[in-house]
Amino acid sequence: MRALVWHGANDIRCDTVPDPQIEHPRDAIVKVTTCAICGSDLHLHDHFMPGMEKGDIVGHEFMGEVMEVGAEAKGALKVGERVVVPFTIFCGECDQCKRGNYSVCERSNRNKALADKVFGHTTAGLFGYTHLTGGYAGGQAEYVRVPFADHTHIKVPNGLTDEQVLFLGDIFPTGWQAAAQCDIQPTDTVAIWGCGPVGQMTIRSAVLLGAKQVVAIDRVAERLSMAKAGGAITINFEEESVVERLNELTGGKGPEKCIDAVGMEAHATATLDSMMDRAKQALMLESDRAHVLREMMYVCRPAGTLSIPGVYGGLVDKIPFGMSMNKGLTWRMGQTHVNRWTDDLLHRIQDGQIDPSFVITHTEPLENGPEMYKTFRDKRDGCIKVVLKP
Amino acid sequence: MALYDRSSPADSMARGLGWFSIGLGAAELVAGRSLARWMGMEDKSALIRAYGLREITAGVGLLALGDPKPWIWGRVAGDAVDIATLASAVGDDNPRAGNARIALGAVMAATALDLVCAAKLHQEETAAWSPPPDYGDRSGFARPVDAMRGTASDAPIGDDMRTPKILQFQPAGQSQASSQPSRAF
Ligand SMILES: NC(=O)c1ccc[n+]([C@@H]2O[C@H](COP(=O)([O-])OP(=O)(O)OC[C@H]3O[C@@H](n4cnc5c(N)ncnc54)[C@H](O)[C@@H]3O)[C@@H](O)[C@H]2O)c1
Ligand SMILES: [Zn+2]
Ligand SMILES: [Zn+2]
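Protein chains in written order, with our numbering: chain A, 796 to 1185; chain B, 448 to 632.
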């Protein structure tokens, strides 16, 4: 089959590789009909995340048709059914899964020993996302093996297109959880850094959850225009001071809720701290750039909440922790517990409250994937979200 | 917004010059004195060390920072300073003027490369620029934003995702304690 394969930094290729097979009775094989490139894939492409190996198949936002089901998954899944596959693989039975903490499932990471060593305790297995999280083959491919398939799926009802439901596997619940864990009140100002696909979903979620005011921060004009369409007041961080504007919009008190939808590749602005970050990252003295985190800690209202869906891989430097401690900030973060939210979100899509396909700007065949990674990363051609068709 | 593409041909050239800067800077820093002696400029060894620091900064900037253009122009400015410094040493009163001339030639060649690189970076920026698309009609919502606000305020969100009551912002003048029914004495 054809699949997008990681060969090193800036080197993802469309290769011919062996078809996946059922390896465990709880597996299923899914024929991918639509998949997407996620901002998290960029961290792999740019090689900011440790733990990739040459030959790994990437991609974790995908859906398709069930082709084959292992003996122990047959009760839950049938050949021919249409499913979205969540990027977090989960067993559904461990202590964490029972609490709905699927992204920290205790059993789905087959490289548990490695993860235990690196993180202290293992987190869930993820598709196409480093050997620290299981080294499972990803979904930017014609076929995928889905482990723990009896739980790891979202069934798609008739009458919905791939584009409407695809993002249930990742960015829609990610934006939703980012907003949900802020416990938004009708009096809240919610500030969101980053207007990429995750930021866009977060903006819509914050509006649906009833925020008084949503403020979105980026520097890419077309992303800001899409943020505005979703109901956000926008700040271009290259043209104005984020801290000043946010204070202005909140009567000098700062936003109650701050969300980092940027993650470890935050761009350098004119501020000294982000320039130092980029320089240090280039010299391998730190792995993640924490500019957005610092800005959130500084501007957030005391006793407010920081929510961090943006992905970090390793070490960050110069975190003003004393500021956070003295202000009594609450930190919420994590990979998304996808299936905790998808029943509710699927209903909202069916209800017509929201159609997540608004974010798609490019649809291309899988073969063009390697080129599209660059278009997406460099924000060329008005690109916000790329969908690939195997 | 400054446009740049960190994988283009001009960018690779800028990176090349970045590594060159770091190499030269390190040499100036470590071997500042012998370099100065070789050019008959013993009195300037501290200055050459300082130039080394400047080179390293420019190099790191070129390799690390988003937009290479300001750093390339920084290099051009640095080249001009180098040329001015070396020009004072190529006169016949310097017994090592020959070596200083070699250095001057090298700096001028590097300046030419810097200028070519800067021009290429600007060319790429102009070529890449087209007006950004307007996604102002992509709300994703079925109805106007204000009609959607709060539609999901009753969404099923577990208590573990909620802010503990004690930490929630209270309406002004109503602390957690005073919102309890007050007891009459
Ligand atoms: N927690 C999860 O489960 C989960 C799931 C999906 C994605 N993510 C993460 O969410 C993040 C965003 O993903 P995406 O798909 O939207 O990616 P993206 O790269 O398209 O979006 C990032 C956006 O942030 C903007 N940005 C950069 N620096 C900024 C700054 N200093 N201030 C404000 N904005 C800035 C960029 O211009 C860009 O538009 C990534 O880190 C990704 O890994 C997390
Ligand atoms: Zn993702
Ligand atoms: Zn589990």
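Here a beta-carbon is modelled for each residue, glycine too, at the ideal position from N, C-alpha and C. All values reported here derive from a predicted model rather than from experimental measurement.
- When C-beta atoms of the stretch 1027-1038 of chain A are compared with those of the stretch 967-983 of chain A, fewer than three pairs fall below 8 Å, so the two segments do not count as touching.
- Under the three-pair Cβ rule at 8 Å, the stretch 908-927 of chain A does not count as touching the stretch 1083-1100 of chain A.
- In the three-state DSSP reduction, Cys-809 of chain A falls in the strand class (E or B).
- When secondary structure is reduced to three states using DSSP, Phe-962 of chain A falls in the helix class.
- Sequence-distant partners of Ala-932 of chain A (beyond 5 residues in either direction) whose C-beta falls short of 8 Å from its own C-beta, in its chain, are Ala-798, Pro-815, Asp-851, Ile-852, Phe-922, Gly-923, Val-939, Arg-940.
- Relative to Ala-868 of chain A, the option among A:Glu-818, A:Cys-833, A:Arg-894, A:Met-844 whose CA is nearest is A:Glu-818.
- The secondary-structure analysis by DSSP pairs Ile-1030 of chain A across a beta bridge with A:Ile-1012.
- By the rule that beta-carbons nearer than 8 Å mark a contact, Glu-1017 of chain A touches chain B.
- By the rule that beta-carbons nearer than 8 Å mark a contact, Leu-1004 of chain A touches chain B.
- For Ser-468 of chain B, no CB of chain A lies under 8 Å from its own CB, so it is not counted at the interface with that chain.
- The nearest non-hydrogen atom of ligand 2 is less than 7 Å from the C-beta of Glu-856 of chain A.
- Short of 8 Å from the beta carbon of Glu-475 of chain B, and not among the five residues preceding or following it, lie these beta carbons of its own chain, in chain order: Leu-482, Ile-495, Arg-496, Tyr-498, Gly-499, Glu-502.
- Here Pro-881 of chain A is near Asn-1134 of chain A, since their CB atoms are less than 8 Å apart.
- Not one heavy atom of ligand 1 is found less than 7 Å from the C-beta of Val-523 of chain B.
- The DSSP-derived three-state label of Lys-869 of chain A is coil.
- Unbroken alpha helix (DSSP H) stretches of 4 residues or longer found wholly inside the stretch 520-584 of chain B: 544-575, given in chain order.
- The alpha carbon of His-569 of chain B has as its nearest neighbour, out of B:Arg-543, B:Arg-480, B:Arg-596, B:Trp-518, the alpha carbon of B:Trp-518.
- When secondary structure is reduced to three states using DSSP, His-819 of chain A falls in the coil class, being assigned neither helix nor strand.
- Distances taken from the Cβ of Phe-967 of chain A to the heavy atoms of ligand 2 include none shorter than 7 Å.
- When beta bridges are read from the DSSP output, Met-1128 of chain A appears opposite A:Ile-1103.
- In the structure shown, Asp-1146 of chain A falls within a helical segment according to DSSP collapsed to helix, strand and coil.
- Among the bridge pairs identified by DSSP, Pro-1160 of chain A is matched with A:Lys-1184.
- Spanning the alpha carbons of Ile-549 of chain B and Pro-578 of chain B requires a straight line of approximately 48 Å.
- Contact with chain A is absent for Leu-464 of chain B, since none of that chain's Cβ atoms lies less than 8 Å from the residue's Cβ.
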